[in-house]
Each structure stands twice: as structure tokens, then as C-alpha cells.
Amino acid sequence: MIGPLLREDYAAAIRDGVPYSKRESVSDPADVVEMDALCGYLTVVQGPYQGVLPGPVPLAKRDAAERARTAEQLDVAGTRTSDQRLLCVLPDDDQDECEQALRERLVTRRESVGADPAARSLLPLGAVTLATIASLAHGWQLGTRSAYLPEALLSAPQQ
Numbered sequence: 023m024i025g026p027l028l029r030e031d032y033a034a035a036i037r038d039g040v041p042y043s044k045r046e047s048v049s050d051p052a053d054v055v056e057m058d059a060l061c062g063y064l065t066v067v068q069g070p071y072q073g074v075l076p077g078p079v080p081l082a083k084r085d086a087a088e089r090a091r092t093a094e095q096l097d098v099a100g101t102r103t104s105d106q107r108l109l110c111v112l113p114d115d116d117q118d119e120c121e122q123a124l125r126e127r128l129v130t131r132r133e134s135v136g137a138d139p140a141a142r143s144l145l146p147l148g149a150v151t152l153a154t155i156a157s158l159a160h161g162w163q164l165g166t167r168s169a170y171l172p173e174a175l176l177s178a179p180q181q
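Here my numbering is used: the first residue of the sequence shown is 23, the next is one more, and so on.
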């Protein structure tokens with residue numbers, strides 16, 4: 023349910039600066055491009071009932087033209103976070119390049135957490151999200167193994 027709402031409603035409002043909000047909306051341009059790139063993978067399934075519909079995972083690989091447009095937007099977005107840099111390799115549809123970037127991101131993550139990290143900071147959500155998209159939307163069987171990447175998140179749920 024959240025996927026269609028994000029793609030069809032919330033993303034457009036964020037892109038427009040949340041015009042109905044009493045507070046000023048401040049979004050970094052790179053964050054907005056990241057949101058749009060991730061929303062592009064969401065599929066919107068219409069059905070007779072609201073809520074979660076049975077069927078395949080609502081993710082789909084974007085066509086070549088959409089991936090090229092996303093890559094261009096990511097290139098001009100400005101300063102990027104580590105996860106945004108990882109996102110930049112997905113539009114190229116190159117599994118080896120993606121896995122190399124994922125490994126580099128996970129090593130950087132491990133080196134940056136420190137000696138006593140907060141429990142809620144241990145799972146790198148951005149990297150996990152992108153690995154899941156690579157697996158489910160691009161159809162890749164990732165060879166990268168890490169305690170940061172729970173296997174259950176990298177495969178489609180059992181029907």
C-alpha cells in the first residue's frame with residue numbers, strides 16, 4: 023500500500039515543495055532525485071480492494087530509456103551520499119559494477135560504525151534497499167554476502 027501512495031501522491035507533493043504544509047519544505051536536490059529513482063522501480067497495481075494485493079513483489083526493472091534518464095538526473099544532482107553513489111550504478115544494469123559498488127559501500131559502512139554503535143544504526147537501510155532492488159527488480163542473484171544483507175530481504179516472499 024505504501025508504494026503506490028509514495029509513487030503517486032507523496033513524491034509529487036515533495037517534489038512540489040509540499041504546498042499544503044504550513045512549514046517550508048526543504049529538500050536537497052540529490053534527495054529528490056534519489057526518491058524519484060527509487061519510485062521508478064515501484065509498480066502500481068490496481069485491484070478491487072484497497073490494501074496489499076496478492077501477487078508478485080511490486081517492483082519492476084525500468085526500461086532502458088527510463089534508466090538512462092535516471093542516470094543523467096543522478097549525474098547532475100550534485101553532492102551525493104554513499105547510498106546515492108551506490109544507486110548511481112543501478113541504471114547501468116551492470117551486475118558486476120553494482121556488486122563492486124555494494125561491497126565498497128558495505129566495507130565503508132563497517133569501518134564507519136565505530137566501537138559501540140547504537141543498535142538501530144547497525145542495518146544500512148539504503149544499501150539493503152538497493153541490494154533488494156537489484157535482486158528483485160533486476161533479477162540478479164547477488165554473490166555479495168554480508169551480515170548487513172539478510173538473505174530473507176534479497177529474495178521474493180514465498181507465496
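Every residue gets a Cβ at the ideal spot worked out from N, C-alpha and C, and that includes glycine.
- Straight-line Cα distance separating Ala59 from Glu94: 11 Å
- Could you tell me if Arg127 is buried or exposed, where buried requires 16 or more neighbouring beta carbons within 10 angstroms of its beta carbon? Per the 10 Å Cβ criterion, buried.
- Message: By the three-class DSSP mapping on this structure, what secondary structure does Leu144 have?
- Response: DSSP places Leu144 in coil when its eight states are reduced to three.
- Three-state secondary structure (DSSP) at Leu64? strand
- Return the chain-ordered list of same chain residues with a C-beta closer than 7 Å to the C-beta of Pro51, the five sequence neighbours on each side being excluded. Ala99 and Gly100
- Message: Could you tell me the alpha carbon to alpha carbon distance between His160 and Glu119, rounded to whole angstroms?
- Response: 13 Å
- Query: Okay, do the segment 164-173 and the segment 85-92 touch, 3+ Cβ pairs below 8 Å being the bar?
  - Reply: no
- Which of helix, strand or coil does DSSP assign to Leu171? coil
- If you drop the 5 nearest sequence neighbours on each side, which residues of the same chain put their C-beta closer than 7 Å to that of Val111? If we look at Val111 and ignore the five residues flanking it on each side, its Cβ neighbours are Glu119, Cys120 and Ala123.
- Query: Given Gln117, which residues of its chain have a CB within under 6 Å of its CB, disregarding the five upstream and five downstream residues?
  - Reply: Trp162
- Straight-line CA distance for Asp97 to Ser134? 25 Å
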